[in-house]
Amino acid sequence: MKKFDKPVLMPLCALGTIAFLYVPLIAVASFSVNNSRFGLTWEGFTWKWYAALFHNEQILEACWNTLFLAGVSTAIATVVGTALAIGMSRFPWGKKTASFFEFNLYMPVITPEIVFAGALVIAFATLRYFSSIFEPGMVNMIIGHVTFQVAFVALVVRSRLASFNNEIEEASRDLYASNGYTLRKVILPMLTPGIVSGAMLAFTLSLDDFIISFFTAGPTSVTLPLYIFAEVHRGITPKIHALSTVGLLLTICLVVASEKMSNKSKEKESSHA
Amino acid sequence: MLLTIPALALIAVSFATRGSYGEIQWIFTWENYERLMGYGLFGWSPDYLWILLRSLVVAAVTTTACIALAFPLAFFIARQPKKKRYLWLILVIIPFWTNLVIRTYAWQLVLSPDLPIAQFAARLNIIPQGSPLYPSSFAVYMGMISAFLPFVVLPLYSSVEKLDWTLVEAAYDLYSSKKRIFLQAILPQTLPGLSVGAILTFVPAMGMFLVPDLLGGAKYMLVGNLIQQQFGKSRDWPFGAAVSLALMALTLIGLFVFRRKGEDMEVV
Chain A
1 MKKFDKPVLM PLCALGTIAF LYVPLIAVAS FSVNNSRFGL TWEGFTWKWY
51 AALFHNEQIL EACWNTLFLA GVSTAIATVV GTALAIGMSR FPWGKKTASF
101 FEFNLYMPVI TPEIVFAGAL VIAFATLRYF SSIFEPGMVN MIIGHVTFQV
151 AFVALVVRSR LASFNNEIEE ASRDLYASNG YTLRKVILPM LTPGIVSGAM
201 LAFTLSLDDF IISFFTAGPT SVTLPLYIFA EVHRGITPKI HALSTVGLLL
251 TICLVVASEK MSNKSKEKES SHA
Chain B
1001 MLLTIPALAL IAVSFATRGS YGEIQWIFTW ENYERLMGYG LFGWSPDYLW
1051 ILLRSLVVAA VTTTACIALA FPLAFFIARQ PKKKRYLWLI LVIIPFWTNL
1101 VIRTYAWQLV LSPDLPIAQF AARLNIIPQG SPLYPSSFAV YMGMISAFLP
1151 FVVLPLYSSV EKLDWTLVEA AYDLYSSKKR IFLQAILPQT LPGLSVGAIL
1201 TFVPAMGMFL VPDLLGGAKY MLVGNLIQQQ FGKSRDWPFG AAVSLALMAL
1251 TLIGLFVFRR KGEDMEVV
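Chains as they are written, first to last, in my numbering: chain A, 1 to 273; chain B, 1001 to 1268.
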């Protein structure tokens, strides 16, 4: 049999593409330890921009806002999204209602985010006639984030729900378990991996989000992406490079950790099988 | 319901009139759509249509370029020994989870006048000496492609990983040309991943606001910036809503065309 030609072009393209992804990141990281305040000439190594980060109250507050927003909105979205997924597949909806739900679930996935953000602005403005909680700020941001997270959580949980059949549930009903008991002892434990990965997805989506926050944030609820964006508009400084590099390093840790975890769980599953 | 109400509000507002202080007046009008089509106070001008068209082109080019770059990379990763694959995958996932604001302004840095790329361009007399390569359409494309590349590579990789190489070998044994092997033995098998990647790129690329804002400047406005402007500075929500709906319509049409094409390919 004829062997494949040893490909030369392909690895070159591939490595080029990886380089293309990393050149900007490496540039940011290397200028974050540059001693010059302005301009991009190399003037020696320094940690001082990093030290400055921890004394900057704006940045610390932005960090706190980002984590708070992501935490609260993920908690809400996970509960609501899971309920939505279970409700959609276990309740005998009519065909039309079911497809209506389906359509709604995919809406935020196929809508450009900015359209969604604009819609939220209008919705909050309307709600403001009724209550002053809906001034731009943290409450609005949480609602906004929950809105798009719910769809993603529900989609992930639902795919897990679809992967096992009704028999176990039916068995528990046959043994006279109440609905609540079945939910707590049968459905939720089986769904846990789906719920966890849905929540993780929601959390990272919230951390990463810029557009929704940008449209709904108030002056006291600036998140890190918003802060960086505002600073970049004022001119790039080494401080921002340092902040971005910290963000980048955190991302790297998270990715490596989650990859390790998913590898382990894969190995577990395959050893069980 | 949480998802439907904003959408309905958007449709309603797009037909409303803007009050003189930026408030919404509930008077039914087509004016916002007429403005979008270019009929303004000063006669017809295609500015807004240009912006729509430009966004469509940018999104389409970005998607195509990402696919073209993602193919070699996905195959390269899939053919690595198993242990090394995770390492390469992690290399793709890291930029994927890195915040887009960081990745976009990083391009400002890369294209700044003191660094080799801009100096090289200046040497070739493309830009004047000592000026940055942004804002420009080139910078926007760089930013867009690097922003969305992982979105294509990851789904494509999961398809390539499952690829049935025996089919490819069979085609080889039957002396088919390289082009035919790719089109008939490889491409159909990777279509699922490819279409997921393309949708994940095309939809957000249509509404992208960050990249053109930071790398494109005022001259290179895309729909995303137009919408942001209406909801932000101009406080012309009805017009913003109209533009948003136009964007949604364009996106849906784009997806529809794409799906039709995908089906055609499967038939071949």
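For every residue, glycine included, the Cβ atom is placed at its ideal position computed from N, Cα and C.
Keep in mind it's a predicted model, so treat the numbers as computed, not measured.
What would DSSP say about residue i, mapped onto helix, strand or coil?
{"i": "Y34/A", "result": "The question names Tyr, yet the displayed sequence has Asn at residue 34/A. Three-state result, N34/A: strand."}
{"i": "F45/A", "result": "strand"}
{"i": "K1082/B", "result": "helix"}
{"i": "S178/A", "result": "coil"}
{"i": "I18/A", "result": "helix"}
{"i": "F68/A", "result": "helix"}
{"i": "I1094/B", "result": "helix"}
{"i": "L1124/B", "result": "coil"}
{"i": "M1311/B", "result": "With chain B represented from 1001 up to 1268, any question about residue 1311/B goes unanswered, as that position is not in the structure."}
{"i": "I240/A", "result": "helix"}
{"i": "P1212/B", "result": "helix"}
{"i": "L1056/B", "result": "helix"}
{"i": "P1188/B", "result": "helix"}
{"i": "V121/A", "result": "helix"}
{"i": "E1161/B", "result": "helix"}
{"i": "N1099/B", "result": "coil"}
{"i": "Y1021/B", "result": "Confidence is the limiting factor: at Y1021/B the pLDDT is only 44, short of 50, which leaves the residue's position unreliable, though a coordinate-based value still follows. Three-state DSSP puts Y1021/B in coil, outside helix and strand."}
{"i": "P1132/B", "result": "coil"}
{"i": "Y1048/B", "result": "helix"}
{"i": "T111/A", "result": "coil"}
{"i": "F100/A", "result": "helix"}
{"i": "E1169/B", "result": "helix"}
{"i": "N166/A", "result": "coil"}
{"i": "G1232/B", "result": "coil"}
{"i": "L1041/B", "result": "With a pLDDT of 49 at L1041/B, under the threshold of 50, the modelled position of this residue cannot be trusted, and the question is left open."}
{"i": "Y129/A", "result": "coil"}
{"i": "F116/A", "result": "helix"}
{"i": "W1174/B", "result": "The question names Trp, but residue 1174/B is Leu in the sequence shown. DSSP places L1174/B in coil when its eight states are reduced to three."}
Should residue i and residue j be called a contact, given that it needs their Cβ atoms to be closer than 8 Å?
{"i": "L1215/B", "j": "W1050/B", "result": "no"}
{"i": "V121/A", "j": "F215/A", "result": "yes"}
{"i": "F210/A", "j": "L1210/B", "result": "yes"}
{"i": "V1101/B", "j": "P225/A", "result": "yes"}
{"i": "L25/A", "j": "P1150/B", "result": "no"}
{"i": "L207/A", "j": "A70/A", "result": "yes"}
{"i": "V1196/B", "j": "V1223/B", "result": "no"}
{"i": "C1066/B", "j": "T1190/B", "result": "no"}
{"i": "F31/A", "j": "P238/A", "result": "yes"}
{"i": "I142/A", "j": "S73/A", "result": "yes"}
{"i": "L1133/B", "j": "I1199/B", "result": "no"}
{"i": "G198/A", "j": "T111/A", "result": "no"}
{"i": "Q291/A", "j": "L105/A", "result": "Nothing in the structure corresponds to residue 291/A, since chain A is present only between 1 and 273."}
{"i": "A1070/B", "j": "V1140/B", "result": "no"}
{"i": "L10/A", "j": "P1188/B", "result": "Checking the sequence shown, residue 10/A turns out to be Met, not Leu. Cβ atoms of M10/A and P1188/B: not closer than 8 Å."}
{"i": "S1205/B", "j": "V1092/B", "result": "Position check: residue 1205/B holds Ala in this sequence, whereas Ser was assumed. Contact flag unset, no."}
{"i": "T66/A", "j": "T223/A", "result": "yes"}
{"i": "E259/A", "j": "Y1175/B", "result": "no"}
Buried or exposed for residue i, please, with buried defined as at least 16 other CB atoms from any protein chain shown within 10 angstroms of its CB.
{"i": "Y1048/B", "result": "buried"}
{"i": "L1124/B", "result": "exposed"}
{"i": "V255/A", "result": "buried"}
{"i": "L1041/B", "result": "Its pLDDT being 49, under 50, L1041/B is placed unreliably by the model, and nothing is read from it."}
{"i": "L15/A", "result": "exposed"}
{"i": "Y1105/B", "result": "buried"}
{"i": "P219/A", "result": "exposed"}
{"i": "A1249/B", "result": "exposed"}
{"i": "E170/A", "result": "exposed"}
{"i": "E113/A", "result": "buried"}
{"i": "R332/A", "result": "Nothing can be reported for residue 332/A, as the shown portion of chain A is limited to 1 through 273."}
{"i": "D1173/B", "result": "exposed"}
{"i": "M1221/B", "result": "buried"}
{"i": "N56/A", "result": "exposed"}
In the DSSP assignment, the alpha helix (DSSP H) including residue i goes from what residue to what residue?
{"i": "H145/A", "result": "138 to 163"}
{"i": "L183/A", "result": "Here L183/A belongs to no alpha helix (DSSP H), and DSSP marks it neither H nor E."}
{"i": "V192/A", "result": "Per the sequence shown, the amino acid found at residue 192/A is Thr instead of Val. Per DSSP, T192/A belongs to the alpha helix (DSSP H) from 188 to 208."}
{"i": "P1113/B", "result": "That residue, P1113/B, is in no alpha helix (DSSP H); it is neither H nor E in DSSP."}
{"i": "S213/A", "result": "211 to 216"}
{"i": "L226/A", "result": "224 to 234"}
Just tell me which of the options has its CA closest to the CA of residue i.
{"i": "E135/A", "options": "A123/A, V146/A, H145/A", "result": "A123/A"}
{"i": "E102/A", "options": "A154/A, L9/A, V196/A", "result": "A154/A"}
{"i": "A1078/B", "options": "L1087/B, S1146/B, V1160/B", "result": "V1160/B"}
{"i": "A125/A", "options": "P1238/B, P1204/B, A1171/B, A1139/B", "result": "P1238/B"}
{"i": "G87/A", "options": "I187/A, I252/A, C253/A, F203/A", "result": "I187/A"}
{"i": "C63/A", "options": "S262/A, V232/A, I228/A, G235/A", "result": "I228/A"}
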